[in-house]
Amino acid sequence: MLIKWTRIIAKVQWNVYLFFYVCLLYLSACNEDQKEGCLDYRYANFSVNADINCLDCCKFPELRVTLRHRISQGDSLYPVTYRNQYYAIASGDSFSIENLSFILSDFHLVDLEGKEVPVFDSLYIRTVNPQRDSVFYAFSNSFIIGNPNLFQKKKVAAVFHNGLGVKALRFTLGVKPPANVLTPPEFPANHPLVVNQSYLYQKEKGYIFANMQLKRREFPLDSMTNISLSGSDFLKTIEVPVFTKVKAGYHQEMTLEVDYALWLKGLDFSKDSPEIIRKKWIDNLVNSFKIVTVLEVID
25 MLIKWTRIIA
35 KVQWNVYLFF
45 YVCLLYLSAC
55 NEDQKEGCLD
65 YRYANFSVNA
75 DINCLDCCKF
85 PELRVTLRHR
95 ISQGDSLYPV
105 TYRNQYYAIA
115 SGDSFSIENL
125 SFILSDFHLV
135 DLEGKEVPVF
145 DSLYIRTVNP
155 QRDSVFYAFS
165 NSFIIGNPNL
175 FQKKKVAAVF
185 HNGLGVKALR
195 FTLGVKPPAN
205 VLTPPEFPAN
215 HPLVVNQSYL
225 YQKEKGYIFA
235 NMQLKRREFP
245 LDSMTNISLS
255 GSDFLKTIEV
265 PVFTKVKAGY
275 HQEMTLEVDY
285 ALWLKGLDFS
295 KDSPEIIRKK
305 WIDNLVNSFK
315 IVTVLEVID
């Protein structure tokens, strides 16, 4: 009887082991069929087909800006052409354009409560000060160069929102501290602020926030007018209205149009001093932008 009872226990144990082994094989097969992906609908790569949430794979939606350069003449709006086209302004002067440029930075969407939608792009730069000490700078990596000779469609920020309404696009004319104390070579290669044109950066002035170089038709022998804006007095926040219900997880692509005729509104180059021209110009410039298209896309 004792021997028979021992055999029965061994048989039961074998059946238990076999049961757990089969279960493990089944669960392993189930896990192999499960797909990993981003399960948060607020991210750009949200996957409706995923079964398991991935670790650190969710990607922020992007705010992308395309600049469109125009100049109004009467009731018509024209693309900007350099040098071979003359444009009239209210003072009676007419100009051909040698150069128009500006630097925009620190882009944000503004929600219906007037709060900035958070952005998550930062740039960290290590440099050496005159005392040979290491200095670290951190700031929002959100810059775009505006020039009619350049076509730019650029990601300016990674954004994170819940699909609520947006009432404005907010950005800055110029380069804010601490980025404005750096020189072009200190930025990473291919960064927008790695520039060598004198109308965008000068050693004595730093970054040039806006530049206007015009050739006056009435004075062909001494006709070049070159005015620039730089320094903290001309660092301006600009807010452009745009009413849209932003879908969570979608990239926001906005076309930002600048009308250069508004830059020249009320300016009289034959009578105004350079100081008065700069004051009028900066007042005009902040009102020269508008949003003309908004697209919500998924790559």
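In the numbering used here, the protein residues as written are 25 to 323. Note that the Cβ used here is the ideal one computed from N, Cα and C, for glycine as well.
Does the Cβ of residue i have 16 or more other Cβ atoms within 10 Å, making it buried, or fewer, making it exposed?
| i | result |
| --- | --- |
| proline 201 | exposed |
| cysteine 81 | exposed |
| proline 142 | exposed |
| isoleucine 76 | exposed |
| valine 159 | exposed |
| tyrosine 225 | buried |
| glutamate 86 | buried |
| alanine 285 | buried |
| valine 152 | exposed |
| phenylalanine 163 | buried |
| alanine 114 | exposed |
| leucine 101 | exposed |
| phenylalanine 144 | exposed |
| glutamine 155 | exposed |
| alanine 68 | buried |
| glycine 198 | buried |
| leucine 188 | exposed |
| asparagine 311 | exposed |
| glutamine 276 | buried |
Can you tell me whether DSSP reads residue i as helix, strand or coil?
| i | result |
| --- | --- |
| glutamate 210 | helix |
| lysine 191 | strand |
| leucine 197 | strand |
| lysine 178 | strand |
| isoleucine 315 | strand |
| isoleucine 149 | strand |
| valine 205 | helix |
| isoleucine 169 | strand |
Do residue j and residue i count as a contact pair if the criterion is CB distance below 9 angstroms?
| i | j | result |
| --- | --- | --- |
| glycine 230 | glycine 255 | yes |
| tyrosine 106 | asparagine 123 | yes |
| serine 267 | lysine 191 | It is worth fixing the name first, because residue 267 is phenylalanine in this sequence and not serine. Going by C-beta atoms, phenylalanine 267 is nearer than 9 angstroms to lysine 191. |
| leucine 281 | arginine 88 | Checking the sequence shown, residue 281 turns out to be glutamate, not leucine. No. Outside cutoff. |
| phenylalanine 126 | phenylalanine 211 | no |
| threonine 279 | valine 318 | yes |
| tyrosine 161 | valine 205 | yes |
| asparagine 73 | lysine 83 | no |
| aspartate 130 | serine 166 | yes |
| valine 270 | arginine 92 | no |
| asparagine 220 | arginine 66 | no |
| isoleucine 121 | lysine 304 | no |
Judging by CA-CA distance, which residue of the options is the nearest neighbour of residue i?
| i | options | result |
| --- | --- | --- |
| isoleucine 301 | Ile251, Gln176, Glu281 | Ile251 |
| proline 216 | Gln237, Leu238, Lys177, Met248 | Lys177 |
| leucine 128 | Ile315, Phe195, Phe119 | Phe195 |
| isoleucine 306 | Ser146, Pro103, Asn235, Tyr223 | Asn235 |
| aspartate 283 | Ser158, Thr261, Leu309 | Leu309 |
| glycine 98 | Thr90, Val266, Glu86, Ala112 | Ala112 |
| alanine 181 | Gly189, Pro172, Ile168 | Ile168 |
| phenylalanine 119 | Ala203, Gly187, Ile315, Asp292 | Asp292 |
| threonine 249 | Gln237, Asp135, Phe144, Glu242 | Gln237 |
| histidine 132 | Pro208, Glu228, Cys78, Val264 | Val264 |
| lysine 295 | Asp145, Asp117, Gly187 | Asp117 |
| aspartate 257 | Pro103, Leu288, Glu299 | Glu299 |
> What runs of the beta strand (DSSP E), each 3 residues or longer, lie entirely inside the segment 61–142?
Replying inline: DSSP runs (the beta strand (DSSP E)) wholly in the segment 61–142: 86–97, 100–103, 110–112, 118–135.
> Curious, which full-length alpha helix (DSSP H) runs of at least 4 residues does the segment 212–296 contain?
Replying inline: Segments of the alpha helix (DSSP H) lying fully in the segment 212–296: 284–287.
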